[in-house]
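S.K.: Chains as they are written, first to last, in the numbering used here: chain U, 509 to 1003; chain S, 240 to 692.
Structure provided below as structure tokens; questions to follow.
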Amino acid sequence: MSYKLADDKDLEAMIGIVGKEYATNNKAITASYLSKSVMGLEAQIPDIVVRPKYIEEIRKILLYCSAEKIAVSPISAGLSGGFACPTIKPAGVMLDLGRMNRIIEVDTDNRYVVVEPGVTIGELWAYMHKNYPEWAPPVPDGAPPASTVMGDAIDRGFSLYTSSVGPQGDNFMCGEIVFPNGDIVRTGSWALPFAKPFYKYGIGPDIWSFLMGSQGTLGVMTKVAVKIYPHPKFKTVVVWGMSNPEDMQNLTLEIGKQEFGIAHNTVMVQGGNYPLVMTRWPKDKVPHDYEFYEQLGISKWWMNWECWAQTQEELDYVVNKINKMAEDFKKNRAKDPDSIKPQELHPKQIASRLKKPNKIAVPYSFWEAGFLFITFYTPWNECAHFAEMYTAAMEKYGFPPVMWIASIERCRQAICMPIICFDSTKQSDLEKVQEMNRETTEYALKQGWLNYRPDPYIHAPLTYSQAGMYWKYLRTMKKIFDPNMIMHPGRLALP
Amino acid sequence: MAKTGMERLKELEKEIYKCIHCKACRFAYSGEPSREGIGEFTGKQGTVLYEGMVDACPAGIEYGWEAFWNAGKMWIARSILSGDLEFSEEVRDVIMPCITCGQCSSQCENKIPTVDIIESLRAACVEAGIPMIEKHQLVDKLVKQLNNPYGGKAEERFKWAKDAGLGKYINNKNAKIGYYVGCTASYRQVEVAIATAKIFEQLGVDFTLIEDEVCCGSPFFRVGAVDTAQELMNKNLESFKNMEEVLFSCAGCYRTFTIDYPKWMTNGDKLPFKTMHAFEFLSNLIKEGKIKFKPNKELKGKVVTYHDPCHTGRHFAHEMEQSMIKKSKNLMMDMRKIDNMIEEWFDIPRVILRKLEEDVGIKFIEMYRIKNNSMCCGAGGGVRAGYPDFSLRTASLRCDEANAVGADILTTECPFCWRNLTDANELYNHGMQVMGLLEMISKYKLLDISNLK
């Protein structure tokens, strides 16, 4: 596909739509939207950035760009779905949706909140905490508070409740989307003009699910209704340590299979290995030997169960049951029983782990200068295999073997995230990262493991090359909404 | 050889490349979204929810575009280093309206020294031949002619001292303690200079005002005119070279001498004297039980709040943190020590305020954003001179926050913050009194030195 380079005439057109305050091709401003880290190493300075406020402005921008064949990439306001999916070649117009930042409605009976794309998870959390303390939105854990609710939804990310209730995309009831053909579509029950956003599958078949994982390649989402959940006062964190990922996987699976009463109360189940702690500090200012971490009481591998309950009795029951099951696993089925032990947490450590949202995933640049999350979904009972394969690859390429793994929907799936800590000022490091990325992706695809938020130059093309029929229909359906294929071209190996 | 801005920028390359565009730097309390606050308050600049994390980057709030928030500037710096972007007036106009308050650096989990980066970026921009904005050119011209950015005559620098009966301290030859007054307190907020000198006198400090004192260079380090700044630095180093200790009443001057001078001096050179702000001096005496305050009927029951100047607050905290990080062999174990040190640093003015509460009967109430998360007054970084409307709106945002806690008196410890907050207080009718902490002590004659031997 060929696209038109946006020029001064196009800028004039954008100014005509949003006003001169909110459209620019200022080179410093456009460069400031770059991001080459976290989820991908490629980005292109957009030709024009536009900051619309209203849905009608977005509709006009998309219609114009579609007619002119100018690429458009939307970002919400923060990291997820924002700077994690920056503009790539062929650049074009970037839509910064940060001005659309209203929390529109909270309904505690039907248990949803309606937000615009620019609402950050920290802002929504503070708003709920102040005004509806009994209720909490499904904010991501680890994604910084400045990331957006919408961005995390579209990425089907990991959040506070995903270990219990399923992928983050499932926490969203209805959405409002503007497509480049000029149509504004409301999904789920919102398809009916007077309906509340109470039923995701609405008048069916479901269009919302089609947009999940689309990374801005189909349209611009302008409003979503997201579920809220009770925010009980009784919480704690249970941690068990072990020496290997297999014991971590199998113990967690046994607990995950206790779907009612136990696994449902463990709102977040996530773990990893000790380099996950080590690489949060500068490479030359922290011990690398495991002995140091052992002395601090950190196991080589561990799993956290964050438990929420309505009463102390309920919480005690859940904690005791997890501990009892872990003891039984250690005694009867563990690969390395001696290494399996509970990790006693200081109340401050518990409070810190319960804090939501948090910046826990941010400091991996501190190790050197830059990092990359490469994330895969696997069946839960294959996550140990994934961890072993990937940590070996990281060591082979000279990177610390940092691995984070979390359960989705009570161990139906695992979200596995190796964190590649490297020096992004060095071209040789960048090349090594991409070489390893390609090698591991080829291996992973042979196992049937899927990328979460695939990068445009390695994951997406390799994945779709093995799913030709799916790609064919994806492209055909995209053509309906986006006839000139202007939405974030290249992002998902779609033109 | 003194360093160029581009050399500093290159030195900081690894720090710049640590930015992952997470945008935590946009907020105060970015790591505390459940922090209990004071609720919603509608002030002169609109409604703010003082709960959890709150937007706190003045330039980002004012201009909105990504480039004006800190993360955008980190990526501009990266684009300059990688050759994707060249210096131009467009770049200048985006990097200049930043107060360099350092709120962003306080939020950064990767400990990026953002203020250093932005100042180096500005210096490199000037070196690249991009003209400074007109208002900065004007102050640069003034300081070159008169050694101060206000256009004041050199012989009038210490007129305030003569008028206040403090003339004997000018060139007080035997004194080994210098009081560096700075341009703002010398030519504009003379109340601060008088109050400080009188307190020193009352405490029996044998100090000197050095007639050859010139502008510390702070505005010029901030806006990238590092040649001018270094010239001023060298003059001051020469004038104060015989001092054992130099005391300050201006946050910006104190920061410039203590943090900037060693950074821009020839490699390896150290300051030939110790530096200390007057509030540290006073705070130490309170901790040692040597001074207390007298009750005051007029002040009793008044709600007093305190604005942490960025230059004495965060900038010192960052400097401590960076220097401890450099020295540390195991940062995981040392980080708590660093945090404690920073907490102690921010407590210094609060020792005075708590003592005032105890002895005088004021009600000391903190604003929502304090210490490392304090909201800037809007004056620094060349913004008050270059972008006065934006500067005053920012000061008014801070005054709103003081109004939100019902403050009768907003105190601070920087004449530049004092000036901007006072102007915003008047312009937007915030209805408070704005006062320097030392000024309050001096004006109401609160100092009780009966325990001082």
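Glycine residues also receive a C-beta, built at the ideal position from the N, C-alpha and C atoms.
1) State the DSSP-derived secondary structure class of S584 of chain U, mapped to helix, strand or coil.
2) For a test of the three-state rule: what should DSSP assign to A922 of chain U, helix, strand or coil?
3) Can a CB atom of chain S be found closer than 8 Å to the CB of G878 of chain U?
4) Terminal residues of the continuous alpha helix (DSSP H) containing I315 of chain S?
5) Using C-beta distances below 7 Å, list every residue in its chain close to C929 of chain U, excluding the 5 sequence neighbours before and after it, in chain order.
6) If you measure between the beta carbons of S540 of chain U and I357 of chain S, is that distance less than 8 Å?
7) Are there 16 or more other CB atoms within 10 angstroms of the CB of H854 of chain U, so buried, or fewer, so exposed?
8) Using only alpha-carbon positions, find the residue among S:D586, S:I372 and S:L649 that is nearest to N523 of chain S.
9) Helix, strand or coil for W399 of chain S per DSSP?
10) Could you tell me whether the stretch 945-953 of chain U touches the stretch 567-580 of chain U, where touching means 3 or more Cβ pairs closer than 8 Å?
11) If we require 4 or more residues per run, which alpha helix (DSSP H) segments fall completely within the stretch 797-878 of chain U?
12) With a threshold of 8 Å between beta carbons, is N866 of chain U in contact with chain S?
13) Mind checking whether C919 of chain U and T774 of chain U have CB atoms under 8 Å apart?
14) Have a look at the DSSP bridge pairing and note the partners of V777 of chain U.
15) If E348 of chain S and A263 of chain S are in contact, beta carbons under 8 Å, what's the gap, nearest whole angstrom?
16) Chain S beta carbons: is any one of them nearer than 8 Å to that of A536 of chain U?
17) Just checking: is the beta-carbon of E642 of chain U within a distance shorter than 8 Å of some beta-carbon in chain S?
18) Please list the partners that A539 of chain U has in chain A, where partner means a Cβ-to-Cβ separation under 7 Å.
19) Residues in the same chain with beta-carbon distance under 6 Å from M572 of chain S, minus the five sequence neighbours each way, listed in chain order, please.
20) Any idea what DSSP makes of D445 of chain S, helix, strand or coil?
21) Please specify which runs of the alpha helix (DSSP H), each continuous and at least 4 residues long, are wholly inside the stretch 317-369 of chain S, giving them in chain order.
22) Between the stretch 406-440 of chain S and chain U, which residues of the former have a C-beta closer than 9 Å to a C-beta of the latter?
23) Please compile the residues from chain U whose C-beta is within a distance smaller than 8 Å of the C-beta of V333 of chain S.
24) Hey, which unbroken runs of the alpha helix (DSSP H) at 4 residues or more fall wholly within the stretch 697-782 of chain U?
25) From the beta carbon of G341 of chain S, is the nearest beta carbon of chain U less than 8 Å away?
26) Hey, out of S:H260, S:S273, S:M674 and S:L666, whose CA is closest to V546 of chain U's CA?
27) For D515 of chain U, tell me which candidate among U:L549, U:D555 and U:E550 has the shortest Cα-Cα distance.
28) In chain order, what residues of the same chain lie with their CB nearer than 6 Å to the CB of L471 of chain S, ignoring the 5 residues before and after it?
29) When we look at the beta-carbon of Q818 of chain U and count the other beta-carbons within 10 Å, is it buried (16 or more) or exposed?
30) Name the residues in the stretch 252-284 of chain S whose C-beta lies less than 7 Å from a C-beta of chain U; which are they?
31) Is it buried or exposed, S689 of chain S, if we count other Cβ atoms within 10 angstroms and call 16 or more buried?
32) Run through chain S and tell me which residues come within less than 9 Å of Y635 of chain U, C-beta to C-beta.
33) Which of helix, strand or coil does DSSP assign to C573 of chain U?
34) Spatial neighbours of R608 of chain S within its chain, please: C-beta separation below 6 Å, excluding the five flanking residues on both sides.
35) Would you kindly work out how many angstroms separate the C-alpha atoms of C492 of chain S and L691 of chain S, rounded to a whole number?
36) For Y545 of chain S, is the classification buried or exposed, using 16 other Cβ atoms within 10 angstroms of its Cβ as the cut-off for buried?
M.R.: The answer reads as follows:
1) As a position in the first sequence, residue 584 of chain U is number 76, starting the count at 1. Note: S584 of chain U maps to coil in three-state DSSP.
2) As a first step, residue 922 of chain U is located in the first sequence; it is residue number 414 there, counting from the start. The answer is strand: DSSP assigns A922 of chain U an E or B state.
3) Position 370 of the first sequence holds residue 878 of chain U. Yes - at least one Cβ of chain S is within 8 Å of the one on G878 of chain U.
4) Residue 315 of chain S sits at position 76 when you count from the first residue of the second sequence. Segment N309 to S321, the alpha helix (DSSP H) holding I315 of chain S.
5) On the first sequence, residue 929 of chain U is found 421 positions in, with the first residue counted as 1. Once the five neighbours on either side are set aside, the close Cβ partners of C929 of chain U are T787, Y872, W875, E876, F879, F907, P908 and V910.
6) Here residue 540 of chain U is taken as the residue at index 32 of the first sequence, counted from 1. Here residue 357 of chain S is taken as the residue at index 118 of the second sequence, counted from 1. It is not a contact, given that the beta carbons lie outside the stated cut-off.
7) Taking the first sequence and counting its residues from 1, the one referred to as residue 854 of chain U is at position 346. Its Cβ having fewer than 16 others within 10 Å, H854 of chain U is exposed.
8) By one-based count along the second sequence, residue 523 of chain S stands at place 284. Residue S:D586 is the option with its Cα nearest to N523 of chain S.
9) Position 160 of the second sequence, counted from the first residue, corresponds to residue 399 of chain S. If DSSP states are grouped into helix, strand and coil, W399 of chain S belongs with the helices.
10) no
11) 798-803, 820-840 and 855-862
12) On the first sequence, position 358 is the one that residue 866 of chain U refers to. Interface residue, yes.
13) Within the first sequence, residue 919 of chain U is the residue found at index 411, counting from 1. Within the first sequence, residue 774 of chain U is the residue found at index 266, counting from 1. Not in contact: C919 of chain U and T774 of chain U (Cβ atoms no closer than 8 Å).
14) The sequence position of residue 777 of chain U within the first sequence is 269, counting from 1. DSSP output for V777 of chain U lists U:W813 as bridge partner(s).
15) In the second sequence, the residue the question calls residue 348 of chain S occupies position 109. In the second sequence, the residue the question calls residue 263 of chain S occupies position 24. Their Cβ separation, rounded to whole angstroms, is 7 Å, which keeps E348 of chain S and A263 of chain S in contact under 8 Å.
16) Taking the first residue of the first sequence as 1, we reach residue 536 of chain U at position 28. For A536 of chain U, the answer is yes, since a Cβ of chain S falls inside 8 Å of its Cβ.
17) On the first sequence, position 134 is the one that residue 642 of chain U refers to. False, the Cβ-Cβ gap to chain S never drops below 8 Å.
18) In the structure shown, chain A does not exist; the protein chains are U and S.
19) For the purposes of this step, residue 572 of chain S is taken as residue 333 along the second sequence, with counting starting at 1. Once the five neighbours on either side are set aside, M572 of chain S has no close Cβ partner at all.
20) The residue given as residue 445 of chain S occupies position 206 in the second sequence. Here D445 of chain S sits in coil by DSSP.
21) 328-334, 342-346 and 353-366
22) none
23) Residue numbering aside, residue 333 of chain S sits at position 94 when the second sequence is read from its first letter. Result: N534, A536, I537 and S540.
24) 716-719 and 753-764
25) Within the second sequence, numbered from 1, the residue matching residue 341 of chain S stands at position 102. No - not a single Cβ of chain U is within 8 Å of the one on G341 of chain S.
26) For the purposes of this step, residue 546 of chain U is identified with residue 38 of the first sequence, where counting begins at 1. For the residues S:H260, S:S273, S:M674 and S:L666, the minimum Cα distance to V546 of chain U belongs to S:H260.
27) Residue mapping note: residue 515 of chain U aligns to position 7 of the first sequence, counting from 1. Taking only the C-alpha atoms, the option nearest D515 of chain U is U:D555.
28) To locate residue 471 of chain S, count along the second sequence from 1; it is residue 232. Answer for L471 of chain S: V453, C454 and G456, listed in chain order.
29) Mapped onto the first sequence, residue 818 of chain U falls at position 310. It is exposed - the Cβ of Q818 of chain U has fewer than 16 other Cβ atoms within 10 Å.
30) E252, K253, Y256, K257, I259, H260, C261, K262, A263, R265, F266, S269, G270, P272, S273 and G278
31) As a first step, residue 689 of chain S must be located in the second sequence, where it is residue number 450. Counting Cβ neighbours within 10 Å, S689 of chain S comes out exposed, since fewer than 16 surround it.
32) Mapped onto the first sequence, residue 635 of chain U falls at position 127. Result: L288, E290 and G291.
33) Counted from its first residue, the first sequence places residue 573 of chain U at position 65. DSSP places C573 of chain U in helix when its eight states are reduced to three.
34) In the second sequence, counting from the first residue as 1, residue 608 of chain S sits at position 369. A267 and M614, listed in sequence order.
35) Residue mapping note: residue 492 of chain S aligns to position 253 of the second sequence, counting from 1. Residue mapping note: residue 691 of chain S aligns to position 452 of the second sequence, counting from 1. C-alpha separation (whole angstroms): 29 Å.
36) The count along the second sequence starts at 1 and reaches residue 545 of chain S at position 306. Counting Cβ neighbours within 10 Å, Y545 of chain S comes out buried, since at least 16 surround it.
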